[in-house]
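Chains as they are written, first to last, in our numbering: chain A, 1 to 362; chain B, 1001 to 1362. Below is one structure; the comments refer to it alone.
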């Protein structure tokens, strides 16, 4: 394998993704929605959720785990709770179909929620909370994941890496957004350290024997740990409940069992809360409300060394529309082959592909 | 000072609290609501929010920082958002006045929120989420606090210890509840280590110079750190926004500035989200939904060393109705004096009182 990289413009990223998915039998609406999501990830240099994921989308359909053509179905569960059934389709379309009704409902009711069911989720969470914040809302999103993480004090895999995302609108710039796993570190970081022979930090993982380890191989065979000990474990537990039983969807371990062919693309639930901030005020304007948030942000940035969440993504976002993004040659070649309609998808394991991606990104 | 302790029944805790507050000029409804909150804390052996707090309630009124008689005012901000203006009264009454309408609204709408404004908050957050979960709801609560915590990467105090609480209903036992500060450790733990001459853990605090310290005195003069690094800092930031600007209330640093006499009882906002889980289902029963959550809890408890949040509180709750609770003699004497209507409140500093409490609790 070669580690050189190809520079692509964001337009090329989008067009490559879209036409590739169409060539692979995805419907127009799914292909376009996924292409937009993948392009947004590349734009923000979130490579793990960018072009790197395309073979996973294709493979999930190929093995019959997911659908690239099914139309999601939106319904009302209660005056302030909407549901979209993705029917084993991918999240980006389900999200795009939900935004307008969810925003309208939050503005009407003050607070509203969206239950996304049966969605194959391969992206970040920040696109959805960011979109809602760009519409003036405060948003929280919760999703479970493949089971890799032990509960605090425990010994083996149970929770997903379970991210949550939060977004707050800002008047003159991108929303304040965080999107963070409840695991102590990204799985990819362990893989990179395995490749580079670097030991893990304390409190990142357990070996298959349930004992703490700083050995990357042991950690990959064992379980990751939640961030921040028992407190992070509580957050992971909350996310399991909100994205699972609350909305009649899977727990992480159930999504893992459902992913029989090991696509790395769990079919699961997501829960989103959208709040219209001005409907939470008894007086005062939206402008004053946003200015109040800005005073906090200013105080954070006055402290040397502190930064706002997503700062790195936003720096990338200013750069990539002009500069484009670097794509590992091997990934570029795989995409080219898939775009030609090749049916012989040689999807490497998640671990291997991931390694490759990181190799190029450095 | 003597470190011996007096055993009190929960009935005595309640009656002592209530009659003391009445003797100190609190109105009946505030005195009763605070007594219930304090008694629940003692029942669960959360001593920091039990009788220990009574002198703080009294002092906050005495210095004109809070009211023990004002009636909170409930209103609708939108179809799914309620507001209660505590008018610088204490939280327990504002909460009790809000429960019924909030529960009804959540059941009607599927999801509802409560903005509590201008409340002097001296308690835990679990009583409110637990109460909502006992009514069958899923609940989240967020409150800011006195500014003691630096943002991740930063150098000085800005955030409060900002707890959040989450509760999930269970059919045959107490709700699953967590209530956790977003600081790495409780301030009281630092005080105890100062007294005992024990160094702090890494990543708990910064000294006044903004550099990491394991020295308790330096930490108390400097800033605490969020739990889990940047991720815990994001949680703290989210809580600042939800309990502050979102509902037109104070940020932690503003609540600190408002507390001019250093009562240790900040006047601030709280934000609660209540969700009716069965209104988030497209099919299936509440029983099946709760059973689904139980399957996760079973898997957690199957792992040796793992436990559910609040387990320690619930163990205490089984014990204290029979056994009563131990109250430090000096605190007992202070309460007795206050109960007789003494106006010469000799409130020690928070630090000193806290020390005393911990000394007796060991």
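Note that CB positions come from ideal geometry on N, CA and C, so glycine has one too. Note that the structure is predicted; figures quoted are calculated from it, not measured.
Using CA atoms only, rank isn't needed, just tell me which of the options is closest to residue i.
i: residue 18 of chain A; options: A:9, A:5, A:38, A:4; result: A:38
i: residue 1313 of chain B; options: B:1016, B:1021, B:1044; result: B:1044
i: residue 1151 of chain B; options: B:1165, B:1130, B:1253; result: B:1253
i: residue 1060 of chain B; options: B:1036, B:1032, B:1091, B:1040; result: B:1091
i: residue 188 of chain A; options: A:46, A:31, A:29; result: A:46
i: residue 177 of chain A; options: A:75, A:124, A:333; result: A:124
i: residue 1286 of chain B; options: A:304, A:184, A:247, A:236; result: A:247
i: residue 1154 of chain B; options: B:1205, B:1111, B:1146, B:1140; result: B:1205
i: residue 1099 of chain B; options: B:1114, B:1315, B:1031, B:1321; result: B:1114
i: residue 1129 of chain B; options: B:1108, B:1080, B:1096; result: B:1096
i: residue 146 of chain A; options: A:162, A:156, A:338, A:138; result: A:162
i: residue 372 of chain A; options: B:1166, B:1244, B:1201; result: As shown, chain A starts at 1 and ends at 362. That puts residue 372 of chain A outside it, with no answer to give.
i: residue 1028 of chain B; options: B:1055, B:1063, B:1093; result: B:1093
i: residue 1305 of chain B; options: A:12, A:276, A:230, A:85; result: A:230
For residue i, name the three-state secondary structure that DSSP assigns.
i: residue 1081 of chain B; result: strand
i: residue 1066 of chain B; result: coil
i: residue 12 of chain A; result: helix
i: residue 256 of chain A; result: helix
i: residue 1117 of chain B; result: strand
i: residue 212 of chain A; result: strand
i: residue 1232 of chain B; result: helix
i: residue 291 of chain A; result: helix
i: residue 1174 of chain B; result: coil
i: residue 1095 of chain B; result: helix
i: residue 20 of chain A; result: helix
i: residue 1026 of chain B; result: coil
i: residue 1102 of chain B; result: helix
i: residue 1240 of chain B; result: helix
i: residue 280 of chain A; result: helix
i: residue 1040 of chain B; result: helix
i: residue 1196 of chain B; result: helix
i: residue 305 of chain A; result: coil
i: residue 129 of chain A; result: helix
i: residue 1351 of chain B; result: For residue 1351 of chain B, the predicted structure reports a pLDDT of 45, less than 50, and the residue's modelled location is therefore unreliable. The matter cannot be settled from this model.
i: residue 1250 of chain B; result: coil
i: residue 262 of chain A; result: coil
i: residue 45 of chain A; result: coil
i: residue 1341 of chain B; result: coil
With DSSP as the reference, please indicate the residues paired to residue i in a beta bridge.
i: residue 1075 of chain B; result: B:1083
i: residue 7 of chain A; result: A:326
i: residue 1164 of chain B; result: B:1142, B:1180
i: residue 1224 of chain B; result: B:1149, B:1205
i: residue 273 of chain A; result: A:113, A:140
i: residue 268 of chain A; result: A:119
i: residue 1159 of chain B; result: B:1149
i: residue 1052 of chain B; result: In DSSP, residue 1052 of chain B forms no bridge with anything.
i: residue 90 of chain A; result: A:120
In angstroms with no decimal places, state the Cα-to-Cα distance between residue i and residue j.
i: residue 8 of chain A; j: residue 342 of chain A; result: 21 Å
i: residue 361 of chain A; j: residue 325 of chain A; result: For residue 361 of chain A, the pLDDT reaches just 36, beneath the cut-off of 50, and the residue's location in the model is therefore unreliable, leaving the point undetermined.
i: residue 122 of chain A; j: residue 265 of chain A; result: 6 Å
i: residue 181 of chain A; j: residue 1058 of chain B; result: 43 Å
i: residue 228 of chain A; j: residue 1227 of chain B; result: 6 Å
i: residue 174 of chain A; j: residue 134 of chain A; result: 8 Å
i: residue 1199 of chain B; j: residue 1211 of chain B; result: 15 Å
i: residue 119 of chain A; j: residue 1131 of chain B; result: 33 Å
i: residue 219 of chain A; j: residue 1328 of chain B; result: 47 Å
i: residue 349 of chain A; j: residue 1193 of chain B; result: Bear in mind that a pLDDT of 45 at residue 349 of chain A, under 50, signals an unreliable position, so the number given afterwards is only what the model happens to contain. Approximately 49 Å between the Cα atoms of the pair.
i: residue 257 of chain A; j: residue 268 of chain A; result: 11 Å
i: residue 76 of chain A; j: residue 308 of chain A; result: 36 Å
i: residue 1160 of chain B; j: residue 1251 of chain B; result: 8 Å
i: residue 23 of chain A; j: residue 126 of chain A; result: 28 Å
i: residue 1271 of chain B; j: residue 1143 of chain B; result: 7 Å
i: residue 137 of chain A; j: residue 290 of chain A; result: 11 Å
In chain order, what residues of the segment 155–177 of chain A put their CB closer than 7 Å to some CB of chain B? So the list reads 155, 156, 158, 166, 168, given in the order they occur along the chain.
Positions along the segment 1209–1243 of chain B whose CB lies within less than 9 Å of some CB in chain A:
1210, 1226, 1227, 1228, 1229, 1230, 1231, 1232, 1233, 1234, 1235, 1237, 1238, 1240, 1241, 1242
Quiz prompt | chain B contacts made by the segment 243–265 of chain A, where a contact means CB separation under 8 Å | solution = 244, 245, 246, 247, 248, 251, 253
What are the residues of the segment 1276–1299 of chain B that lie near chain A, defined by any Cβ-Cβ distance shorter than 8 Å? 1276, 1277, 1279, 1280, 1281, 1282, 1283, 1284, 1289, 1290, 1292, 1293, 1295, 1296, 1299
task = Name, going along the chain, the residues of the segment 115–138 of chain A whose beta-carbon falls closer than 8 Å to a beta-carbon of chain B.
result = 115, 117, 138
Taking any Cβ of chain A, which residues in the segment 1305–1316 of chain B have a Cβ under 7 Å from it, in chain order? 1305, 1306, 1307, 1309
Listed in chain order, which residues of the segment 1066–1089 of chain B have Cβ atoms closer than 8 Å to some Cβ of chain A? 1075, 1077, 1078, 1079, 1080, 1081, 1083, 1085
Worksheet entry | Cβ-based contacts, 9 Å cut-off: residues of the segment 138–152 of chain A near chain B | 138, 140, 150, 151, 152
inquiry  = Which residues of the segment 1174–1208 of chain B have a Cβ closer than 7 Å to any Cβ of chain A? Give them in chain order.
reply    = 1178, 1180
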